[in-house]
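Note sheet for the following structure.
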Amino acid sequence: MAPGNGRPPLAAGFGMSDDKPVRSRRLRWKLLAAGLLFGLGLDLVTPSSRGMTLLAVLLMVGAAAWFVSLAVGSPGHGVLYRRRREIVLALGTASITVAVVVVLALAVRIAPRHLTLENQSYDSDLGWAPPDVTDRVGQRGDAVDPDRDHVVIVGDSIMYGFGVDDDQTAAAQLDRILEDQQVLNIAVSGYSIDQDYLYLSRVLPHLRPKLVVVGIFTGNDYEVTGLEYAWGHSKPLFRAGADGELVRHNPDLLADNCIDHLAQSLLFRVLWSDKERALDLIHLFCDPVKLGPEELEAVIAELFARMEAEAEQAGAKILFVLLPIGEHLKSVERNWRYFRRYDLLRQLLREGGHEYFDFYRDILFETGEAETDVFLDGAHLTPNGNRILAEAIAREIDQRGLLDE
Amino acid sequence: MTNRIVSALAWSTALCLAVAACNRSAGPPPKPFDGSPSDAEVALRALGDGVFEVTRFAVEGGEYKELDDHVRFGISLYDMRYAADLRLTRPLALEPRDDLVERHRRAGSPVEELERDLALVRLLGPGEHAAGMTKTVEGSAVFEETEAGWRLATVDRRWRLVSE
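This is the structure in structure tokens:
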């Protein structure tokens, strides 16, 4: 076909024509567009949505491929074109290296940070637990005196006494108030109501309990009891059966499961420094089970009843303590969600006919709103807060005759 | 040129639709609100038992919300705004909050009495409130989504005294 038939000359497509500045400008715009698309992909990464994340990754891969093909595939792009093989080789090597590192980091499993705490180990039933329940109990490792009756303190990090010394915990201070019984602190950091129940069941047969005091932390016990993981690790989850009985959703926590596999990986250890991102990943990859409100409340009510039954079977009475967060004492706009959970837990205790008291009343009456004298961090108690708690428990024991024969 | 613009618009639309579709998959949409506004009115009446009666209760709108927390136990709720006229059935003297707490501390009051007085102070404010006085308040009743539908969680959200 002769030149001048309306088509551009063949050479123009290979950067040999005199419209090179125009093509170069177009190329820059295309490169910019590819970069913007890549940025859009990054922005679209939504850990709570697998579909969105997949779309974002596809968009980024496509944009990156387009960018690279533009950059190294255009003869008019000088050095990039001449060195396209080296560039492709470098990018390919880097990509494969990153992929291998990520896979290895996921495959290498190490103990999660939580379990590096003293006196805890993996537990197929509880998720994590103190290793011995015969002559030492709880995360504090209280030594059991077999010749004395026991007051058993159950709960999470609040009752454990996070942030205070052994002799400053509510249990230790209560032990100094009560003369005839040994007060044993069997609380474990991070526990929820289901774990409280399971650990109490494990420990009680080795003790001479006269009273069990269960601290219910209203800041998160409701929520965590409705989840199959907490603090980055799998934990027991009960579901409500058809007849109201408890059905264990995950009977063996040492069996391979998505949450622990991810949480115990080297990669996750790095990511755990950003807990929000770590939780995003657990939800993205593992889709953890979460109970609905009605099922959860049925489960909690049954757990309260079972704890009371366990105590009675061992010859002990039981007292529940509703433990507040610091915000509970403030007079300004109420955090309705927190107060809703608080009211729900109290309602379940009341409807179940359990002995309980509201500890926030003691704090309010003793200190007003001076929460810094009571709370270390808005949840855990100072030595003074532990003192107020110990004295409140002692008062309730006395007023209700809980240690009377 | 026109073809390119049309093509770009078509691709942009497709991309936006895909994004919207994926966004929807982030979580199931809340069930349509089927809670009973009268539950909120009943709860407000119960709160005022022996202190005030509710002479008008009007729903002024509502919106769906999704809330998350530090343990990722997300909840769906419906925030229903209302206005109500409250007529005091007896004279009421309410101290400022700190004085009220101090009075209950000295009396060793049970927690139910303390909480009721704290709620009344938040709703009506401290001071002398004469019998027969009508006060207009605004607030939100929060309903939470459960397996069986929407249930009332609280009636005392964002209380505000509008007029006396």
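For the record, the sequence lines run as chains P and B. Using the working numbering, you'd call the opening residue of the first sequence number 14 and step up by one each time. Using the working numbering, you'd call the opening residue of the second sequence number 478 and step up by one each time. All residues carry an ideal CB built from backbone N, CA and C; glycine is no exception.
1) Roughly how many angstroms separate the alpha carbons of P/S208 and P/H367, rounded to a whole number?
2) Of the residues P/I171, P/H246, P/R95, which one's Cα is nearest the Cα of P/T395?
3) What residues match up with B/I552 in a beta bridge as DSSP calls it?
4) Please tell me whether P/L292 has its Cβ less than 8 Å away from any Cβ of chain B.
5) The region 600-622 of chain B: which residues have C-beta closer than 7 Å to a C-beta of chain P, in chain order?
6) Near B/R522, which residues of its chain fall below 8 Å by C-beta distance, leaving aside the five closest residues on each side in sequence?
7) Taking the C-alpha atoms as reference points, what is the distance between P/A84 and P/V114?
8) Do you know how far the Cα of B/E540 is from the Cα of P/N233?
9) Exposed or buried, what is P/G168 when buried is set at 16 or more other beta-carbons lying within 10 Å of its beta-carbon?
10) With C-beta atoms as the reference, is P/L57 less than 8 Å away from P/L67?
11) Fully enclosed by the region 255-301 of chain P, which alpha helix (DSSP H) runs are 4 residues long or longer?
12) Between P/L361 and P/E310, is the Cβ-Cβ spacing less than 8 Å?
13) Should B/L571 be flagged as near chain P, meaning a C-beta pair shorter than 8 Å?
14) Which residue's Cα is closest to the Cα of P/R261: P/A318, P/R161, P/I272, P/P249?
15) When the Cα of B/T566 is compared with those of B/A607, B/V519, B/A618, which residue comes out closest?
16) Rank B/G602, B/G626, B/V528, B/R628 by C-alpha distance to the C-alpha of B/R637 and give the top, closest one.
17) For chain P, find out if any of its Cβ atoms is closer than 8 Å to the Cβ of B/A630; answer yes or no.
18) Taking the beta strand (DSSP E) that P/P222 falls in, what are its first and last residues?
19) Over what stretch of residues does the alpha helix (DSSP H) that includes P/E310 continue unbroken?
20) Using alpha carbons as the reference points, say which of P/V201, P/E99, P/A103, P/L50 lies closest to P/F80.
21) Given that a residue counts as buried once 16 or more other Cβ atoms are within 10 Å of its Cβ, and exposed if not, what is B/K542?
22) Any beta carbon from chain B within less than 8 Å of P/W349's own beta carbon?
23) May I ask you to verify whether the region 301-317 of chain P touches the region 185-203 of chain P, counting CB pairs closer than 8 Å and requiring at least 3?
24) Is P/V177 buried or exposed, if buried means 16 or more other CB atoms sit within 10 Å of its CB?
25) Alpha carbon to alpha carbon, what distance is there between P/L292 and P/G365?
26) Within this structure, are the beta carbons of P/L266 and P/S247 separated by less than 8 Å?
27) Using a Cβ-Cβ cutoff of less than 8 Å, which residues in the same chain neighbour P/Y173 once the five nearest sequence positions on both sides are dropped?
28) Could you check the C-alpha separation between P/S137 and P/V157 for me, to the nearest Å?
29) If you reduce the DSSP assignment to three classes, tell me which class B/F510 lands in.
30) For the alpha helix (DSSP H) containing P/E340, name the first residue and the last one.
31) Per DSSP, what kind of secondary structure is B/L565 in: helix, strand or coil?
32) Could you name the residues of the same chain whose beta carbon sits closer than 7 Å to that of P/I401, not counting the 5 residues immediately before and after it, in chain order?
33) Under 8 Å between the Cβ atoms of B/L577 and B/L571?
34) Select from the region 253-277 of chain P all residues with a C-beta closer than 9 Å to any C-beta belonging to chain B, and list them in chain order.
35) With H, G and I counted as helix, E and B as strand and the rest as coil, what does DSSP make of P/V121?
36) Using a beta-carbon distance below 8 Å, is B/A625 in contact with chain P?
Here's the rundown:
1) In the first sequence, counting from the first residue as 1, residue 208 of chain P sits at position 195. In the first sequence, counting from the first residue as 1, residue 367 of chain P sits at position 354. Reading the sequence as shown, one finds Gln at residue 208 of chain P and not Ser. Their Cα atoms are separated by approximately 19 Å.
2) Within the first sequence, numbered from 1, the residue matching residue 395 of chain P stands at position 382. Restricting attention to P/I171, P/H246, P/R95, the CA atom closest to the CA of P/T395 is found in P/I171.
3) Taking the second sequence and counting its residues from 1, the one referred to as residue 552 of chain B is at position 75. In DSSP, B/I552 forms a bridge with B/L544.
4) One-based indexing of the first sequence puts residue 292 of chain P at position 279. For P/L292, the answer is yes, since a Cβ of chain B falls inside 8 Å of its Cβ.
5) For the region 600-622 of chain B, which is checked against every Cβ of chain P, the residues closer than 7 Å are V619, E621.
6) To locate residue 522 of chain B, count along the second sequence from 1; it is residue 45. Around B/R522: E530, V531.
7) Taking the first residue of the first sequence as 1, we reach residue 84 of chain P at position 71. Taking the first residue of the first sequence as 1, we reach residue 114 of chain P at position 101. P/A84 and P/V114 have their C-alpha atoms some 27 Å from each other.
8) Here residue 233 of chain P refers to the residue found at position 220 when the first sequence is read from its first residue. Here residue 540 of chain B refers to the residue found at position 63 when the second sequence is read from its first residue. Rounded to the nearest angstrom, the two C-alpha atoms are 26 Å apart.
9) As a first step, residue 168 of chain P must be located in the first sequence, where it is residue number 155. Buried, since its Cβ has 16 or more Cβ neighbours within 10 Å.
10) For the purposes of this step, residue 57 of chain P is taken as the residue at position 44 of the first sequence. For the purposes of this step, residue 67 of chain P is taken as the residue at position 54 of the first sequence. No, the Cβ-Cβ distance between P/L57 and P/L67 is not below 8 Å.
11) Listed in chain order, they are 271-276, 279-284, 288-299.
12) The residue given as residue 361 of chain P occupies position 348 in the first sequence. The residue given as residue 310 of chain P occupies position 297 in the first sequence. Yes, they are a contact pair.
13) Counting from 1 along the second sequence, the entry for residue 571 of chain B is found at position 94. So no, B/L571 is outside the interface.
14) The sequence position of residue 261 of chain P within the first sequence is 248, counting from 1. Considering only alpha carbons, the answer is P/P249.
15) The residue you call residue 566 of chain B lines up with position 89 of the second sequence. The option with the nearest alpha carbon to B/T566 is B/A607.
16) Position 160 of the second sequence, counted from the start, is the residue given in the question as residue 637 of chain B. Ranked by how close their Cα comes to the Cα of B/R637, the residues B/G602, B/G626, B/V528, B/R628 have B/G602 in first place.
17) Translated into positions along the second sequence, residue 630 of chain B becomes position 153. Closer than 8 Å to some Cβ of chain P, the Cβ of B/A630 qualifies, so yes.
18) Position 209 of the first sequence, counting from 1, holds the residue named residue 222 of chain P. Here the beta strand (DSSP E) through P/P222 covers 222-230.
19) On the first sequence, position 297 is the one that residue 310 of chain P refers to. Under the DSSP assignment, P/E310 falls in the alpha helix (DSSP H) whose first and last residues are 306-326.
20) The sequence position of residue 80 of chain P within the first sequence is 67, counting from 1. Distance from the Cα of P/F80 is smallest, within the candidate group P/V201, P/E99, P/A103, P/L50, for P/L50.
21) Counting from 1 along the second sequence, the entry for residue 542 of chain B is found at position 65. B/K542 is exposed by the Cβ-count criterion.
22) The sequence position of residue 349 of chain P within the first sequence is 336, counting from 1. Chain B contact via Cβ: present.
23) Verdict: no, contact absent.
24) Indexing the first sequence from 1 puts residue 177 of chain P at position 164. With 16 or more other Cβ atoms from the protein chains shown falling within 10 Å of its own Cβ, P/V177 counts as buried.
25) Numbered from its first residue, the first sequence carries residue 365 of chain P at position 352. Numbered from its first residue, the first sequence carries residue 292 of chain P at position 279. Just so you know, the alpha carbons of P/G365 and P/L292 end up roughly 34 Å apart.
26) What you label residue 266 of chain P is simply residue 253 of the first sequence in a count that begins at 1. What you label residue 247 of chain P is simply residue 234 of the first sequence in a count that begins at 1. Cβ distance < 8 Å, so P/L266 and P/S247 count as in contact.
27) Here residue 173 of chain P corresponds to residue number 160 of the first sequence, with the count starting at 1. Excluding positions up to five away in sequence, the list reads G151, Q152, R153, T182, N198, A200, V201, S202.
28) Numbered from its first residue, the first sequence carries residue 137 of chain P at position 124. Numbered from its first residue, the first sequence carries residue 157 of chain P at position 144. Roughly 24 Å separates the two Cα atoms.
29) Position 33 of the second sequence, counted from the first residue, corresponds to residue 510 of chain B. Three-state DSSP puts B/F510 in coil, outside helix and strand.
30) Indexing the first sequence from 1 puts residue 340 of chain P at position 327. Run containing P/E340: none; DSSP gives neither H nor E here.
31) Against the second sequence, residue 565 of chain B aligns to sequence position 88. Assigned with DSSP and collapsed to three states, B/L565 falls in strand.
32) Within the first sequence, the letter at position 388 stands for residue 401 of chain P. These residues qualify, in order along the chain: D375, I376, E379, V387.
33) Translated into the one-based positions of the second sequence, residue 577 of chain B becomes position 100. Translated into the one-based positions of the second sequence, residue 571 of chain B becomes position 94. Going by C-beta atoms, B/L577 is nearer than 8 Å to B/L571.
34) Of all residues in the region 253-277 of chain P, none has a Cβ within less than 9 Å of some Cβ in chain B.
35) As a working mapping, residue 121 of chain P is identified with position 108 in the first sequence. Here P/V121 sits in coil by DSSP.
36) To locate residue 625 of chain B, count along the second sequence from 1; it is residue 148. The beta carbon of B/A625 falls within 8 Å of a beta carbon belonging to chain P, placing the residue at that interface.
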